[in-house]
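Protein chains in written order, with my numbering: chain A, 1 to 385; chain B, 1001 to 1385.
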């Protein structure tokens, strides 16, 4: 990591802030704006700023007075029938990147080198008119077992930069491949929706094939010739899932040949568990049930309490609880928020990022949050003047 | 304040929690659940718990295993054409109560002694069938200047309790009178809406009249015979206002004769200011404009930045900023949240409770908050698994 002292200083300034941990945390963060308008009139193209950063998070790039938005990101969003897939694919890809590109050394830039057209061609089926398609040719079959499904649903580029002289230089790139576990298709336009299920074995085989091809293509582009290329594979959840999918493995490549995969053992679990479902850790399930029972028995007018959780192996990494109320009064919301806090501290697992959102049918009324490091919940009631 | 040592201990336990300041704050709060199931089977009716409390906030009452909801509160909600009035009437009434009934000594209970029927009768016009109506008789006129308007739009009771033996005892009550500044009426059912404007002088005269009558009626009820009765007057904002109204004065009564009014100098201001509007403090207006300009110039795709603020005299007490974005990507939201934090610390007034909600068209994406005592913003990005 060839980091100059200047960079270290910049990073130190950026990281005065503490808190804002990856997901679900609500630390006290003092973020510092770092304006690096180091170039003069002559070199205006290289003028950049960063968004400021916070512990464990990347600073983002502001160039020529504008936040640099993704070149191809919209593609992902449009094509997903489950919005949780889109959100967790994007934020999860950053989490995988953190393993390789430390937020304390690198600045995050939304993908800039693969254009919308390129990514669209890659995501389409291979055909005479689209030789670059990474999805298989249409074999004409409409039978769910015999047809060639769409394996690759979305592809996202994320750039990791370092300061070089007066500008930023690309020092690494992460490519996310979102693989379908179910491919939804129609037999005729506007017709009923059918499904082709894709096995885990197929996801692995196809993602390896696609990763090899993507790596080869990227190495041909001058920007990507000599930088580390991380390729991470995401398994999409089905459209009827209440959570998004998870990243299942990644590979960190320095050369042209695909390096060995490293497995990622994530799992998303919804509480309360259904009848035929199990938790990686039955204590967590019991803890949630106790919390739910306590809160429901003491407060009338609750419509439901559910939690989305993320596991790594059998260790919970994050929990996001939603409580839907039929309250109206602000005093009731305040009292309920306080009560929920006491019960959450008593029953919910410690050492885990937890957030609890209390909402009425139309909007968020209040929310509570505790990071893995904290002992007590912070809370906020949305007030009105 | 006849507080026994036992009570002090209870209060001390309740107030282990710190933070959760009145509005807009997001302190770290450690709330303690205080279960006071002190009575046995014989006396089950008096079994109560509290919701737990936090610094500067009331603990609420849980009785017989249920949070005690308001007897008459629904009335307020139904009758307001401006939902901000309802919310700020209820939370503002608690703020006025804090002047008289300290949250460190009293436990808050939603109003239990005036029934829905009673309050409904009081809010209706006086008539042969409803001699208790506090609003004037219908004089038959449909002319906006000649008719008798509805002066009293809503009435709310809040009870302030202390522990007495094994149960809670009413030690004070606050009555909020929400007075119309505009009365909306129809000349025929389902017809167009007309307005009768009500002057500040009329609001004062009528609220004094109504307060005297309410005090007289409450003193006849055994529960209210010997407790302090605070009556607070709220001036409703018009239906087209983007904020709610404000409390304009209150009176703290120990006897049967209405005590002197004390004025409350609150004002709600929306930023950016309109052309013919002014701010109680022009520095605040400039500060907000600078913040808005900075944020808008650096991030594309923002739909709007507005702030609701509360003033006491010319001192800002709270600011609630809403930023509407057209972002989709979670990485963009993260970067933007970080950037907004640096700009808010740079430009927005210090020593004031500030919260900033970042939302897309459909939901809250992230939010930032800083209490008056804090120097830096806390932030939370709503993640998805």
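By construction, the Cβ of each residue, glycine as well, lies at the ideal position given by its N, Cα and C atoms.
How about residue i: is its C-beta nearer than 8 Å to some C-beta of chain B?
| i | result |
| --- | --- |
| residue 52/A | yes |
| residue 87/A | yes |
| residue 308/A | yes |
| residue 293/A | no |
| residue 279/A | no |
| residue 196/A | no |
| residue 72/A | no |
| residue 380/A | yes |
| residue 28/A | Reliability of the predicted coordinates at residue 28/A is poor, the pLDDT of 34 falling under 50, and no value is obtained from them. |
Below 8 Å on C-beta distance, what does residue i contact in chain A?
| i | result |
| --- | --- |
| residue 1300/B | 66, 67, 69 |
| residue 1339/B | 33, 51, 52, 60, 62, 67 |
| residue 1268/B | 385 |
| residue 1091/B | 330, 331, 334, 383, 384 |
So that I know if they touch, is there some Cβ in chain A lying closer than 8 Å to that of residue i?
| i | result |
| --- | --- |
| residue 1094/B | yes |
| residue 1243/B | yes |
| residue 1336/B | yes |
| residue 1104/B | no |
| residue 1325/B | no |
| residue 1364/B | yes |
| residue 1256/B | no |
| residue 1057/B | yes |
| residue 1371/B | no |
Spell out the partners DSSP gives residue i in its beta bridges.
| i | result |
| --- | --- |
| residue 1197/B | 1182/B |
| residue 370/A | 354/A |
| residue 315/A | 312/A |
| residue 1305/B | 1323/B |
| residue 1060/B | 1108/B |
| residue 50/A | 61/A |
| residue 159/A | 109/A, 173/A |
| residue 154/A | 178/A |
| residue 1342/B | Paired residue(s): none; residue 1342/B is not in a bridge. |
| residue 1381/B | 1366/B |
| residue 231/A | 175/A, 251/A |
| residue 1168/B | 1163/B |
| residue 1270/B | 1308/B |
Given that residue i touches chain A, what residues does it touch there, using C-beta distances under 9 Å?
| i | result |
| --- | --- |
| residue 1084/B | 384, 385 |
| residue 1162/B | None at all; the shortest Cβ gap to chain A is about 17 Å. |
| residue 1110/B | 329, 331, 332, 335 |
Can you tell me whether residue i is buried or exposed? The criterion is at least 16 other CB atoms within 10 Å of its CB, across all chains shown.
| i | result |
| --- | --- |
| residue 1218/B | buried |
| residue 1031/B | Low confidence applies to residue 1031/B: its pLDDT is 35, below 50, so where it sits in the model is not reliable, and the reading given next is rough at best. It is buried - the Cβ of residue 1031/B has at least 16 other Cβ atoms within 10 Å. |
| residue 254/A | exposed |
| residue 1260/B | exposed |
| residue 365/A | buried |
| residue 331/A | buried |
| residue 272/A | exposed |
| residue 1211/B | buried |
Is it the case that the Cβ atoms of residue i and residue j are separated by a distance below 8 Å?
| i | j | result |
| --- | --- | --- |
| residue 383/A | residue 1091/B | yes |
| residue 1150/B | residue 1214/B | no |
| residue 96/A | residue 247/A | yes |
| residue 373/A | residue 311/A | no |
| residue 138/A | residue 125/A | yes |
| residue 159/A | residue 182/A | no |
| residue 319/A | residue 233/A | no |
| residue 1068/B | residue 1230/B | no |
| residue 1291/B | residue 1343/B | yes |
| residue 1356/B | residue 1381/B | no |
| residue 323/A | residue 354/A | no |
| residue 94/A | residue 48/A | no |
Applying a beta-carbon distance threshold of less than 8 Å, which residues of chain B neighbour residue i?
| i | result |
| --- | --- |
| residue 188/A | In chain order: nothing, as chain B lies at least about 31 Å away. |
Could you list which residues in chain B have their beta carbon closer than 9 Å to that of residue i, in chain order?
| i | result |
| --- | --- |
| residue 318/A | 1383, 1385 |
| residue 297/A | 1065, 1066 |
So which residues on chain B does residue i lean against when the C-beta distance must stay under 7 Å?
| i | result |
| --- | --- |
| residue 115/A | Chain B residues near residue 115/A: none, gap ~17 Å exceeds 7 Å. |
Please tell me whether, using a cut-off of 7 Å, the distance from the CB of residue i to the nearest non-hydrogen atom of the ligand FMN is below it.
| i | result |
| --- | --- |
| residue 255/A | As presented, the structure is devoid of all ligands, the ligand FMN included, so that no description of it is given. |
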